[in-house]
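Worksheet: the structure to be examined is printed underneath.
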Amino acid sequence: MAREIAGSADPADDSGLTSGRDPAGDEQEVSVAPQWKLVWWSFKRHRMALVGGIITIFIYLVALFAGFLAPYSNDSFDSEYAYAPPQRLHVVDDGEWGLHVHGYRAEQDPETLELSWEIDESQKIPVGLFVRGEEYELFGLITWDRHLIGPKDYDGPPMYLLGADELGHDMLSRIIHGTAVSMSIGLVGVILSFLLGVVLGGISGYFGGWVDNLIQRITEFVISIPTIPLWMGLMAAIPSHWGPLQRYFALTVILSLISWAGLGREVRGKFYAVRDEEFVMAATVDGASQPRIIFRHMLPSFTSHIIANMSLAIPAMILAETALSFIGIGLQEPTVSWGVLLEEAQSIRVLESAPWMMLPGVAVIVAVLSLNFFGDGLRDAADPYKS
Amino acid sequence: MQPTHPYPAAPQTSVAAEPGPPAPGEPLLRIEDLRTHFFTDEGVVKAVDGMDLTVPSGKTVCVVGESGCGKSITARSILQLVDQPGRIVGGAVYWRSGTRPWTDLATLDATGEEIRQIRGDEIGMVFQEPMASLSPMYTVGAQLSETLRLHRGLNKAEAREKGIELLRRVGIPRPERRFDSYSFQLSGGMCQRVMIAIALSCDPALLIADEPTTALDVTTQARIIDLLKNLQEQNGMAMVFITHDLGVVAEIADEVTVMYLGTVAEHGTVDEIFGNPKHPYTRALLSSIPTMRGVRSGGSARQRLTAIRGMVPHPQNRPTGCPFHTRCELAIPGTCDTEAPPVARFDSAGHLAYCHLFTEPAERRELHTQATPSAPVSVIEPEVAVIEPDHEPEQHEPDHETHPRTPARSQGQPLLDVQDLTMHFPLRTGLSRRARTVVRAVDGVDLTIHPGETLGLVGESGCGKTTLGRCIARLLEPTSGHIYYRTDDGDQVDLTRLRRRELHAYRQQIRVIFQDPYSSLNPRMTLGQIIGEPLRVNRLARGSELEDRVADMLSRVGLRPEYIRRYPHAFSGGERQRINIARALVTNPRLVIADEAVSALDVSVRAQILNLLVDLQAELDLTYLFVSHDLSVVEHISDRVTVMYLGNVVESADTSDLYRQPHHPYTEALMSAVPLPDPGLRTARHRTQIPDDLPDPTNPPPGCPFHPRCPHVRPDRCRAEIPELRRTGDQRLAACHHSESLTLTGVS
Amino acid sequence: MLGYMTRRVLIMVPTLFVISIISFAIIQLPPGDYLTTMVAEMEAQGNEIDEAQLDALRERYGLGESFFTQYYRWITNVVFHLDFGHSFDWNRPVSGLVGDRLALTVGLSIATILFIWIVAFPIGVYSAMRQHSVGDYAFTMVGFIGLAVPNFMIALVLMWIGLRYFGQSPGGIVSPEYADAAWNLGKVLDVLGHLWVPIVVWGTAGTAGLIRILRNNLLDELRKPYVVAARARGVPETRLTVKYPLRVALNPFFSTIGWILASLIGADAIVSRVLNLDTTGPLLLRALMAQDMYLAGSLILISAVLVVLGTLLSDLLLGWLDPRVRFRYGR
């Protein structure tokens with residue numbers, strides 16, 4: 219029945235491409251719309267996916283401008299303020315506009331010597347936008363010292379909008395700095411595994427035969443082994459003297475070494491499906507060369523699927539990094555990622571006295587959730603030609 | 005919609021009167037003003053909009069129309085089987101049977117007990133895709149027993165016994181074993197028999213068959229139709245038969261309803277519809293199908309087909325007034341495009357049409373058209389390649405109404421000479437992947453094509469015709485054999501010996517038109533890129549010259565040159581096939597392989613494309629290899645025909661010779677299976693019946709590959725000796741041991 | 038069916054072989070062999086080194102010989118004597134260390150898979166049958182969140198809630214007061230009271246994933262022609278759904294045993310660490326940290342083999358359930 223409707227006369231109408239638009243004015247536009255435009259039109263209709271996409275872009279912007287957005291640098295701390303609780307940001311000061319936070323009053327338990335903090339209402343720390351602070355390098359190029367928000371007096375008492383950790387690091391700054399690492403691991407790892415997956419999957423899918431058989435067995439094997447123990451084994455084998463950057467790359471390589479398989483399988487499947495499409499045969503009859511058939515005719519027909527799959531693979535990478543760092547064999551200080559930050563939240567005692575240490579977890583959830591929504595919508599929109 | 009209702013008898017009045025079984029000919033089912041709409045995100049699609057249908061007891065009513073006309077939705081609405089987001093929004097479906105007074109099925113709860121009792125018990129149903137209509141998780145026997153146990157209360161053993169009996173009745177060999185088979189172990193024809201057995205298991209008073217033979221081969225189709233006819237005679241049941249194939253209609257129908265855009269265009273007996281059609285749509289449909297009239301009348305000239313311009317609009321863009329007026333040659337401006345057509349009755353028995361032409365005052369009618377509506381079919385002017393009503397037809401003057409049948413074959417040297425070509429596909433089965441069996445898709449084929457002629461290549465699916473075409477186009481690497489191609493300067497080149505690079509020159513000269521108008525065009529490329537691709541990769545043209553050649557080609561195939569920047573998604577199936585043709589012809593080829601090029605198209609569009617192919621052949625001096633399963637299309641377009649069976653050529657001859665008197669029993673069987681759109685031939689034709697299952701292609705039978713199905717098989721050489729393809733007459737070849745001693749009948 | 042089973046089991050052999058090679062490679066990864074590490078360790082503790090004992094060990098593991106010789110000795114010991122080598126960190130044979138913990142891991146995994154099925158099945162079916170209903174949207178949303186939250190976060194939050202509002206940690210498998218007690222009703226109840234936490238924590242992501250798969254599969258199947266055909270022969274609606282689309286949609290339940298098991302065993306290390314459970318995960322982590330490579334490699338081998346066995350089991354169940362699978366490979 220659906221066939222009978224779909225198989226009817228005017229495809230510009232029956233694929234629903236003209237939906238909601240004035241048929242007279244827009245028919246021309248639909249007719250000459252390239253694929254990305256059709257994908258965008260159908261993606262737009264997914265409200266959750268759109269929201270997810272916007273948040274994802276926002277998070278990547280945060281990662282990009284971390285130095286500017288964070289009030290403090292990655293390694294500035296004040297150990298006097300260990301586990302200081304979050305301060306409230308006040309906007310109005312005695313009926314007038316004036317950003318400020320209140321200071322702390324510390325009390326030490328005479329028996330356990332534990333510090334407990336209270337907000338000191340009498341103390342006012344003026345806060346400003348675009349304040350001068352520590353120097354940082356934007357994109358590793360431009361040296362600047364302005365921060366979006368921070369205490370007006372840089373040398374005065376510190377500001378902890380999301381509380382402080384054991385050493386008195388500002389959690390807000392650390393989460394912002396961690397964004398860059400966590401989100402980039404997802405991206406870099408996915409790009410690496412994408413390259414592996416596309417090359418191997420492509421070879422497998424295009425050539426078929428014993429090549430395909432071999433690569434298929436490898437893929438099946440990689441998929442069938444439990445990933446986390448293997449990650450753990452490989453990560454533990456990294457020499458301890460490696461620097462943060464080397465560790466970072468080792469981690470991305472290890473993550474992508476294992477996760478290319480799913481993507482590779484996807485690419486192979488698509489290659490197989492497209493190889494039998496008549497338009498690929500037509501390209502052969504046209505006399506197109508092998509590379510041209512692959513890159514001009516076959517690949518474009520599933521790039522949108524691959525992009526959607528990649529955006530769905532990023533959150534898995536982020537979760538894997540978080541998990542490995544959390545148990546202490548992923549990234550390590552002084553590198554700051556969400557997982558590294560969460561490692562400090564492991565002990566029950568910390569949780570009890572400083573629950574804000576779990577906040578990096580909220581960042582993980584938001585990032586993964588929005589990426590999932592985004593990728594899901596993209597996957598649904600990836601084939602706008604399906605009726 | 006219609007002020008005067010065609011069935012004035014209100015069924016309610018007859019409720020109390022006659023509770024007994026309706027006498028033969030009395031109405032059993034009455035659909036009145038049925039409206040089934042689909043509520044999609046894009047708006048309401050009125051798939052069925054004011055449909056009327058009456059089914060008399062014991063009779064067969066065919067519902068015919070092109071795709072998108074709402075035939076299947078009508079069939080499904082009867083039993084409330086329309087899926088979301090579809091809904092019956094108006095009208096009534098009155099049903100009565102032996103025990104049931106008139107009941108409006110449309111008012112019953114779709115998931116309720118009452119309609120459930122009717123489904124499968126009083127009304128059986130058969131669907132288009134037999135394989136998909138059976139669950140792969142259960143044996144066919146389990147699904148067959150299910151109906152018996154539900155409606156007849158049989159226990160497992162009784163249901164099994166009755167089920168096997170039913171399978172035997174529908175002609176399934178060894179039913180005891182088949183009962184425990186799964187659907188994926190059976191062929192499409194066998195699955196359809198199972199579906200019929202399920203539908204008939206409770207002796208329904210009505211069988212609804214929704215395109216039951218469309219997915220099947222022509223020989224299988226013939227056997228299924230015969231089966232349905234026989235079963236109907238035995239059971240005395242009525243049948244609603246949905247189809248797009250007018251040949252099938254002529255075979256099986258008592259009454260015919262022609263549907264267009266969700267409503268009735270014309271209704272009458274089968275003789276009235278074929279002998280004296282009234283509605284312009286009916287007449288246009290009838291004249292747009294190849295009828296083998298040339299062969300049957302003994303003429304040697306090819307009739308040009310009469311195409312309907314444009315295509316069926318999407319139900320969402322349903323035209324105002326008469327739905328057909330946008331494509332109608334006789335439309336009266338100011339009337340047909342504004343007012344819904346009234347019903348016109350032509351006799352008391354119920355021949356009627358919804359058309360303005362018959363109620364218009366005569367003088368106004370004369371004003372708009374010279375034709376009288378009851379004039380013969382041929383008054384509708386042949387019309388080529390008109391895509392949109394406002395669009396001038398391109399340069400094809402319809403001056404060559406007919407084409408001479410004898411082309412330039414006398415030029416002697418063949419353009420293409422295929423010798424002993426084989427194409428074997430390895431199949432991996434079993435535990436060790438090394439144990440290979442081989443499918444002999446093409447198994448030692450000889451074939452010649454002469455310049456300027458059209459060679460038709462026919463056979464059932466799986467006979468290797470498409471593989472052969474692809475080997476010639478060098479899309480596949482043949483296992484062995486030679487393909488000699490004669491170049492412009494008269495040299496012969498063996499294409500199988502050429503390497504990739506050397507092939508390039510010939511890729512421009514041998515081109516392919518593909519079957520599927522959707523998958524054959526890359527949706528990510530514009531028409532300019534698609535059609536220009538062969539020019540670009542072969543460096544034949546570039547820049548503005550390339551664009552000019554593409555634009556020129558577009559107008560030659562009847563599309564506007566401005567479309568060059570559009571993407572394929574902006575075009576319908578027929579238009580896409582024009583693009584496909586443009587791509588094939590843009591390199592000025594000499595040989596064009598058309599692989600089922602019109603099989604996916606509706607009849608009216610198919611006629612447009614066939615005419616276009618014929619015109620272009622004359623214009624550009626082309627040679628065609630026309631691969632098709634459709635014998636009437638092949639008869640229409642080909643000068644010579646080659647018949648393939650199980651990877652072998654079994655017969656080859658001039659078209660008219662072959663169709664008049666085949667020299668191979670397989671050809672005869674194919675011919676007799678083709679349903680002809682002429683109800684008068686129904687009883688006259690002698691039907692050769694052959695079993696409908698192809699042998700396993702990995703394990704072909706010894707001797708003549710056709711002998712297990714051959715009605716003329718003789719005990720001597722057929723089972724032992726493989727017949728050679730040999731000369732059996734002037735310009736005739738056949739591969740049968742007994743060609744000379746058999747008198748076979750072609751299309752009578 | 039027999040042909041299918043044989044084929045399926047045969048396919049497993051090379052997989053197991055490659056897994057064992059990789060596990061052994063991981064054992065060999067850190068610089069220096071196992072004995073040098075052990076000697077360094079013993080020297081650091083100021084212990085005497087018994088040369089005779091060293092030679093015996095060298096002989097036993099084929100140290101100093103080629104990789105494959107060493108691999109051969111290791112794997113034959115594993116296969117024929119269940120001797121996985123020696124943990125220098127614990128100074129005990131690996132096999133003795135692993136036993137109890139493995140039982141707990143396997144037990145918890147099975148319990149978690151059952152939990153996932155019990156929760157995912159009704160929700161998945163409901164979501165598909167009532168597509169676009171409020172409940173469907175709610176479950177879909179919860180499913181998305183379930184997939185996005187790292188399971189150690191759930192563990193952390195549960196612990197925090199337990200601590201904050203109930204004054205006790207829900208970690209561990211047994212409350213301290215029962216730790217050394219003999220088994221009695223109280224202890225059983227106590228264990229059950231603790232067990233649900235790791236099961237919920239472990240099962241969330243798998244449940245969310247399975248709900249989505251089941252829902253999508255069922256929606257696909259509900260539109261298949263054979264469902265309409267069955268309806269057209271008068272099969273009642275409930276029976277229709279259960280017998281036809283649901284039966285096919287059930288495939289993921291079996292086909293996912295493999296990957297759920299893999300992810301469970303993977304997540305084990307992380308979750309058990311937070312929840313303080315004596316499963317194999319924390320043992321592996323500790324072994325890796327201490328470069329106790331025989332223990333680590335053996336644990337990786339064991340968990341990989343478990344997953345392969347799980348996949349085998351799920352494929353066999355699939356073959357039993359789905360005639361298409363059976364006949365495709367059974368020829």
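Residue numbers (the working numbering), protein chains in the order written: chain S, 219 to 605; chain F, 5 to 752; chain B, 38 to 368.
C-beta: ideal position from N, C-alpha, C; glycine also.
Quick one: does residue i have its CB under 9 Å from some CB of chain B?
i                : result
glutamate 570/S  : yes
aspartate 720/F  : no
alanine 136/F    : yes
aspartate 240/S  : Below a pLDDT of 50, predicted positions are generally treated as unreliable, and aspartate 240/S, at 38, falls in that range; the measurement from the model is reported next regardless. No, aspartate 240/S does not count as interfacial toward chain B.
glycine 243/S    : With a pLDDT of 42 at glycine 243/S, under the threshold of 50, the modelled position of this residue cannot be trusted, and the question is left open.
isoleucine 122/F : yes
glutamine 305/S  : no
Taking the CB atoms as reference points, tell me whether residue i and residue j lie closer together than 9 Å.
i                   : j                : result
proline 60/F        : aspartate 207/F  : no
phenylalanine 121/B : asparagine 128/B : no
valine 554/F        : leucine 539/F    : yes
alanine 388/S       : tyrosine 290/S   : Correcting the residue identity first, residue 388/S is aspartate in this sequence and not alanine. Their beta carbons are under 9 Å apart, which means aspartate 388/S touches tyrosine 290/S by this criterion.
serine 588/S        : glycine 270/S    : yes
alanine 311/F       : glutamine 612/F  : yes
Taking only beta-carbon positions, decide if residue i is within less than 9 Å of chain S.
i               : result
serine 124/B    : no
alanine 477/F   : yes
glutamate 169/F : no
threonine 52/B  : yes
Straight-line CA distance for residue i to residue j?
i                : j                   : result
glycine 29/F     : leucine 210/F       : 13 Å
isoleucine 583/S : tyrosine 163/B      : 26 Å
histidine 248/F  : serine 191/F        : 23 Å
leucine 355/B    : glutamine 147/F     : 21 Å
lysine 362/S     : glycine 351/S       : Here residue 362/S turns out to be tryptophan, not lysine, going by the sequence shown. Roughly 9 Å between the two C-alpha positions.
leucine 596/S    : methionine 557/F    : 37 Å
isoleucine 476/S : phenylalanine 117/B : 31 Å
tyrosine 490/S   : leucine 419/F       : 35 Å
tyrosine 98/F    : aspartate 37/F      : 11 Å
histidine 264/S  : tryptophan 254/S    : 16 Å
isoleucine 63/B  : glycine 334/B       : 6 Å
Can you round the beta-carbon distance between residue i and residue j to whole angstroms, since I take them to be within the 8 Å contact cut?
i              : j               : result
alanine 192/B  : valine 308/B    : 6 Å
tyrosine 489/F : tyrosine 510/F  : 6 Å
valine 238/B   : leucine 312/B   : 7 Å
valine 86/F    : isoleucine 77/F : 6 Å
valine 462/F   : serine 632/F    : 6 Å
Does any residue of chain F bring its CB to less than 9 Å from the CB of residue i?
i                   : result
phenylalanine 497/S : yes
alanine 526/S       : no
valine 503/S        : yes
At what residue ranges does the stretch 101-141 of chain B contain a whole run of the alpha helix (DSSP H), taking only runs of 4 or more? Listed in chain order, the complete alpha helix (DSSP H) runs (minimum 4 residues) inside the stretch 101-141 of chain B are 104-118.
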